[in-house]
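Novice: Dropping the structure in here first, questions after.
Residue numbers (our numbering): 367 to 642.
Have a look at this one:
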């Protein structure tokens, strides 16, 4: 028996909120990636790590906000916590590999294609691992062409977002790259959900009104507490970026003029001369 699936139980509330969280995570992560290109090598790792955590947290949070609007009328839904948080780890690691490639190789064609592809695969892997962690009395089947399309959407849009983030300058270009990354995440999610068929494991004879005998699921009560951690991290990442204006504008740090030494260096030289 095929289940009655509703992916928009709360109307446009969950898609819009999910898109916003994906855009927020992308904005923070791509700004960190851009900032890493204009800092010292010792600081670059920190910025890229913060970027991968931001994008991964945004992707994971987006997925489960969207899943609060997903219900199957005939079956309650729960989630396996191990697979659920494994999806977060996979997203952070794979997205981290992608942006580390771009952060250290720069905006070369091969680096962008490789980094964007790995980032897109990380987004898709998180989605399908999260779906594998969903527990209900049903068998999940997927339409292969739509699954392939969802992965392609994630890879192409992620590559474009990385290109825009490390090539273009200014607040508008950063906003555009963030929106493009959010489109990659939400587009992949809802394309993947369109590929889903739910086949119920139910007895052969059931009352006409299933709602009278089967419990209703409350996805918001299940998923809500899990979102607290990643959401708080995104807030902290935003605060960290606010203390570095160049990270928000994407502009490189100013270099000293030829033959000119900063005042701090002059003072250090004078101090060494006095104590010789």
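Beta carbons are placed, not taken as given, at the ideal position from N, Cα and C, and that holds for glycine. Nothing here was measured: the structure is a model prediction, and the numbers come from that model.
Counting Cβ pairs closer than 8 Å, one from the stretch 412–428 and one from the stretch 455–473, do we hit at least three?
Specialist: The stretch 412–428, when compared against the stretch 455–473, does touch it at the 8 Å Cβ threshold.
Novice: Give me the DSSP bridge partner(s) of residue 500.
Specialist: Per DSSP, 445.
Novice: Are the CB atoms of residue 453 and residue 420 nearer to each other than 8 Å?
Specialist: Not closer than 8 Å, so no.
Novice: Looking at the secondary structure, which residues open and close the alpha helix (DSSP H) in which residue 429 lies?
Specialist: First-last of the alpha helix (DSSP H) with residue 429: 407–433.
Novice: I'd like the list of long-range same chain contacts for residue 407, defined as Cβ closer than 6 Å, with 5 residues on each side in sequence excluded.
Specialist: Closer than 6 Å at the Cβ level, and outside the excluded window around residue 407, lies no residue.
Novice: Express the C-alpha separation of residue 370 and residue 580 in angstroms, rounding to a whole number.
Specialist: Residue placement at residue 580 is poorly supported in this model, since its pLDDT is 40, which falls under 50; the coordinates are not used for a value here.
Novice: On the DSSP bridge list, what partners appear for residue 437?
Specialist: 372.
Novice: Can you have a look at residue 524 and say buried or exposed, based on whether 16 or more other CB atoms are within 10 angstroms of its CB?
Specialist: Its Cβ being crowded by 16 or more others within 10 Å, residue 524 is buried.
Novice: Would residue 533 pass as a contact of residue 490 if the rule is Cβ separation under 8 Å?
Specialist: Not closer than 8 Å, so no.
Novice: Taking just the CA atoms, how far does residue 422 sit from residue 397?
Specialist: Near 14 Å, if we compare the C-alpha coordinates of residue 422 and residue 397.
Novice: According to DSSP, is residue 565 part of a helix, a strand, or is it coil?
Specialist: Residue state, collapsed to three classes: strand.
Novice: Can you tell me whether residue 401 is buried or exposed? The criterion is at least 16 other CB atoms within 10 Å of its CB, across all chains shown.
Specialist: So residue 401 ends up on the buried side.
Novice: Along the chain, where does the alpha helix (DSSP H) that runs through residue 560 open and close?
Specialist: 537–560 is the span of the alpha helix (DSSP H), which, as asked, contains residue 560.
Novice: Count the other CB atoms within 10 Å of the CB of residue 552; is the residue buried (16 or more) or exposed (fewer)?
Specialist: Answer is buried; the Cβ neighbour count reaches 16.
Novice: Check whether the stretch 430–449 touches the stretch 468–485, counting contact only when three or more Cβ pairs, one atom from each stretch, lie closer than 8 Å.
Specialist: With a cut-off of 8 Å, the stretch 468–485 and the stretch 430–449 do not count as touching, because too few Cβ pairs lie within range.
Novice: Go through its chain and collect everything with a Cβ distance to residue 466's Cβ below 7 Å, but skip five positions before and after it.
Specialist: The residues are 414.
Novice: Leaving out the 5 sequence neighbours to the left and right, which residues in its chain are closer than 7 Å to residue 482 when beta-carbon positions are compared?
Specialist: Excluding positions up to five away in sequence, the list reads 464, 521, 524, 525, 528.
Novice: Whole angstroms are fine: how far does the CA of residue 411 sit from the CA of residue 367?
Specialist: Rounded to whole angstroms, residue 367 to residue 411 spans 51 Å at the Cα level.
Novice: Rank 383, 565, 557, 518 by C-alpha distance to the C-alpha of residue 434 and give the top, closest one.
Specialist: Of the candidates 383, 565, 557, 518, the one whose C-alpha sits nearest the C-alpha of residue 434 is 383.
Novice: For residue 505, which beta-bridge partners are listed by DSSP?
Specialist: Paired residues: 565.
Novice: Identify, in the order they occur along the chain, each residue of the same chain with its Cβ nearer than 6 Å to the Cβ of residue 462, setting aside the five sequence neighbours on each side.
Specialist: Hits under 6 Å: 418.
Novice: According to DSSP, is residue 395 part of a helix, a strand, or is it coil?
Specialist: Three-state DSSP puts residue 395 in a helix.
Novice: Does the Cβ of residue 516 have 16 or more other Cβ atoms within 10 Å, making it buried, or fewer, making it exposed?
Specialist: Buried, since its Cβ has 16 or more Cβ neighbours within 10 Å.
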